[in-house]
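Please read the structure below before turning to the comments.
Chains as they are written, first to last, in the working numbering: chain A, 1 to 189; chain B, 190 to 458.
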């Protein structure tokens, strides 16, 4: 759905005034890029759908607070990043409860034997290990890392998105990189 | 920095992501001459290169509409609703609203007392207010209601095909539904624009079912087909479509051309 800047601003203004049809236009326009981001943040199709839905509902609720000079897509992505953190937190809480006092899996899962598998099988195995390693990060580390590593956002932008100071944002990324290095050590070329 | 001092892992991570800004060249130079730092950097970069994003599953052109259909009934109350923020429920405005209400009530009573001539019911009157002659005076609206009646008939035929399908291959119906989907959406927007919320609502319901049909597998399983039918049934969609179509035809004075001999027509009493 293409629209020029003036038209987009008019739609946004109407949506902010409570026009449901205008909000519908925004939903239709932004859902696809929002899904792509949500998928990268969650790594799971169903979770991504949940994040898309929840982000849009939150956006609708908070639309009155949206500053019209800001970019709606950026604002929506910020909401999605925080929804993804909430989703991971609730998942992690359930997982921790189930796991009790078990040791940190990120350092205990051995990589599978390297002998024999073809290149494709190996890359599938690496992808699986990356997913597992990302799942072992804290919600904040995971989101900060993905926004930096996959989305190419700067540390400052990530800090604003997640409501963190620059130093806290950096440390989230550092911790994530460190944990990933441990988890992927055996695959290092 | 000389080769007796080394960069920390954190410095190297920031460098990898281009976050060192002005100092980036210094790091580059240091890495060229310092073997331990270069080795550490290459190890880290090699590991991070393994972390690549999975391709998101494809989402079609209609995805935004699907999302809207999923959330539209869940839309919560807005925070800081604009009319509240603007103080429309302040004391002065309530006084004004009360005065306006008295005027409207007075005008209504006057109309009842003095109006002796019955007003003819227009053919394309608002469905929720059929006696409103203002509706007839809009030729665009009259045209819209006429084409929507045709659209409802086509949608009814397609839905009936789905309800009575004996084959698992519904690709023909899907192509038909896809075709109807875009038209339905345009008509719904038009219906909203000309103040026909009832019509817009039914078109919205049709859109939802059309979407479901379009996104079902072409070679549908009997269980999935049964589920699809049940949902169409639960929404009493065929009934609504028939009633509305009949109503539009009746107001036009045009008999509905039906191709559904086996389906009884219903009418809201």
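Where is the CB? At the ideal position from N, CA and C, for every residue including glycine.
Cut-off 7 Å between Cβ atoms - residues of its own chain near residue i, not counting five sequence neighbours on either side
{"i": "residue 144 of chain A", "result": "158, 162, 169, 172, 173, 176"}
{"i": "residue 408 of chain B", "result": "357, 358"}
{"i": "residue 459 of chain B", "result": "For chain B, the structure presents residues 190 to 458; residue 459 of chain B sits outside this window and is missing."}
{"i": "residue 434 of chain B", "result": "338, 341, 342, 345, 445"}
{"i": "residue 365 of chain B", "result": "347"}
{"i": "residue 378 of chain B", "result": "none"}
{"i": "residue 48 of chain A", "result": "35, 38, 39, 42"}
Cα-Cα separation between residue i and residue j, rounded to whole angstroms
{"i": "residue 6 of chain A", "j": "residue 382 of chain B", "result": "21 Å"}
{"i": "residue 371 of chain B", "j": "residue 230 of chain B", "result": "54 Å"}
{"i": "residue 90 of chain A", "j": "residue 180 of chain A", "result": "22 Å"}
{"i": "residue 140 of chain A", "j": "residue 380 of chain B", "result": "46 Å"}
{"i": "residue 202 of chain B", "j": "residue 210 of chain B", "result": "13 Å"}
{"i": "residue 195 of chain B", "j": "residue 222 of chain B", "result": "11 Å"}
{"i": "residue 46 of chain A", "j": "residue 87 of chain A", "result": "12 Å"}
{"i": "residue 412 of chain B", "j": "residue 51 of chain A", "result": "29 Å"}
{"i": "residue 429 of chain B", "j": "residue 329 of chain B", "result": "24 Å"}
{"i": "residue 250 of chain B", "j": "residue 136 of chain A", "result": "35 Å"}
{"i": "residue 130 of chain A", "j": "residue 414 of chain B", "result": "39 Å"}
{"i": "residue 60 of chain A", "j": "residue 75 of chain A", "result": "12 Å"}
{"i": "residue 199 of chain B", "j": "residue 153 of chain A", "result": "17 Å"}
{"i": "residue 421 of chain B", "j": "residue 427 of chain B", "result": "8 Å"}
{"i": "residue 73 of chain A", "j": "residue 410 of chain B", "result": "39 Å"}
{"i": "residue 361 of chain B", "j": "residue 341 of chain B", "result": "18 Å"}
{"i": "residue 13 of chain A", "j": "residue 68 of chain A", "result": "8 Å"}
{"i": "residue 134 of chain A", "j": "residue 165 of chain A", "result": "23 Å"}
{"i": "residue 16 of chain A", "j": "residue 64 of chain A", "result": "6 Å"}
{"i": "residue 392 of chain B", "j": "residue 213 of chain B", "result": "59 Å"}
{"i": "residue 225 of chain B", "j": "residue 150 of chain A", "result": "28 Å"}
{"i": "residue 237 of chain B", "j": "residue 95 of chain A", "result": "26 Å"}
{"i": "residue 425 of chain B", "j": "residue 384 of chain B", "result": "23 Å"}
{"i": "residue 354 of chain B", "j": "residue 416 of chain B", "result": "13 Å"}
{"i": "residue 432 of chain B", "j": "residue 58 of chain A", "result": "37 Å"}
{"i": "residue 349 of chain B", "j": "residue 398 of chain B", "result": "12 Å"}
{"i": "residue 21 of chain A", "j": "residue 332 of chain B", "result": "23 Å"}
{"i": "residue 260 of chain B", "j": "residue 62 of chain A", "result": "15 Å"}
Neighbouring residues, chain B, relative to residue i (Cβ below 8 Å)
{"i": "residue 154 of chain A", "result": "208"}
{"i": "residue 126 of chain A", "result": "239"}
{"i": "residue 7 of chain A", "result": "Chain B residues near residue 7 of chain A: none, gap ~15 Å exceeds 8 Å."}
{"i": "residue 195 of chain A", "result": "The structure shown does not extend to residue 195 of chain A, since chain A is modelled only from 1 to 189, so the question has no answer here."}
{"i": "residue 24 of chain A", "result": "257, 261"}
8 Å contact criterion, which residue i and residue j should meet: CB distance rounded
{"i": "residue 80 of chain A", "j": "residue 37 of chain A", "result": "6 Å"}
{"i": "residue 206 of chain B", "j": "residue 148 of chain A", "result": "6 Å"}
{"i": "residue 338 of chain B", "j": "residue 418 of chain B", "result": "That belief does not hold up - the Cβ atoms of residue 338 of chain B and residue 418 of chain B are roughly 25 Å apart, past 8 Å."}
{"i": "residue 400 of chain B", "j": "residue 263 of chain B", "result": "Not quite, the Cβ-Cβ distance comes to about 17 Å (not below 8 Å), so this is no contact."}
{"i": "residue 40 of chain A", "j": "residue 265 of chain B", "result": "Rounded, the Cβ-Cβ distance is 27 Å, inconsistent with contact."}
{"i": "residue 155 of chain A", "j": "residue 208 of chain B", "result": "6 Å"}
{"i": "residue 54 of chain A", "j": "residue 254 of chain B", "result": "About 19 Å separates the two Cβ atoms, so there is no contact after all."}
Partners in chain A for residue i, counting only beta-carbon separations shorter than 8 Å
{"i": "residue 233 of chain B", "result": "177, 181"}
{"i": "residue 464 of chain B", "result": "What is shown of chain B runs 190 to 458, which leaves residue 464 of chain B out entirely."}
Closer than 9 Å at the beta carbon, the chain A residues around residue i
{"i": "residue 409 of chain B", "result": "The contacting residues do not exist; residue 409 of chain B stays about 21 Å from chain A at best."}
CB contact below 7 Å: residue i versus chain C
{"i": "residue 396 of chain B", "result": "Structure shown: chain C not included; protein chains present are A and B."}
Proximal chain B residues relative to residue i, where beta-carbon distance stays under 7 Å
{"i": "residue 21 of chain A", "result": "381"}
{"i": "residue 11 of chain A", "result": "Residues of chain B passing the Cβ test: none, with the nearest at roughly 13 Å."}
{"i": "residue 31 of chain A", "result": "252, 253, 256"}
{"i": "residue 197 of chain A", "result": "Here chain A has residues from 1 to 189 only, and residue 197 of chain A is not among them."}
{"i": "residue 188 of chain A", "result": "232, 235, 236"}
{"i": "residue 28 of chain A", "result": "253, 254, 257"}
8 Å CB neighbourhood of residue i in its chain, flanking five on each side removed
{"i": "residue 31 of chain A", "result": "52, 56"}
Close beta carbons around residue i, own chain, < 6 Å, minus the five adjacent residues each side
{"i": "residue 395 of chain B", "result": "344, 373"}
{"i": "residue 78 of chain A", "result": "161"}
{"i": "residue 4 of chain A", "result": "none"}
{"i": "residue 367 of chain B", "result": "403"}
{"i": "residue 93 of chain A", "result": "none"}
{"i": "residue 187 of chain A", "result": "126"}
{"i": "residue 26 of chain A", "result": "15"}
{"i": "residue 352 of chain B", "result": "418"}
Neighbour list for residue i in chain A, Cβ cutoff strictly below 7 Å
{"i": "residue 385 of chain B", "result": "The contacting residues do not exist; residue 385 of chain B stays about 14 Å from chain A at best."}
The ligand MN heavy atom lying under 6 Å from the CB of residue i
{"i": "residue 23 of chain A", "result": "The ligand MN is not part of this structure, which contains no ligands at all."}
Residues from the region 239 to 255 of chain B in contact with chain A, defined by Cβ distance under 7 Å: 239, 240, 242, 243, 245, 246, 248, 252, 253, 254
Against chain B: residues of the region 34 to 53 of chain A by CB proximity under 9 Å: 34, 35, 36, 37, 38, 39, 40, 43, 45, 48, 49, 52, 53
Chain-ordered residues of the region 199 to 228 of chain B with a beta carbon less than 7 Å from chain A: 199, 202, 206, 208
Interface residues of the region 64 to 89 of chain A facing chain B [CB-CB below 8 Å]: 64, 65
Chain-ordered residues of the region 419 to 443 of chain B with a beta carbon less than 8 Å from chain A: none
Chain B contacts made by the region 133 to 152 of chain A, where a contact means CB separation under 7 Å: 148, 149, 150
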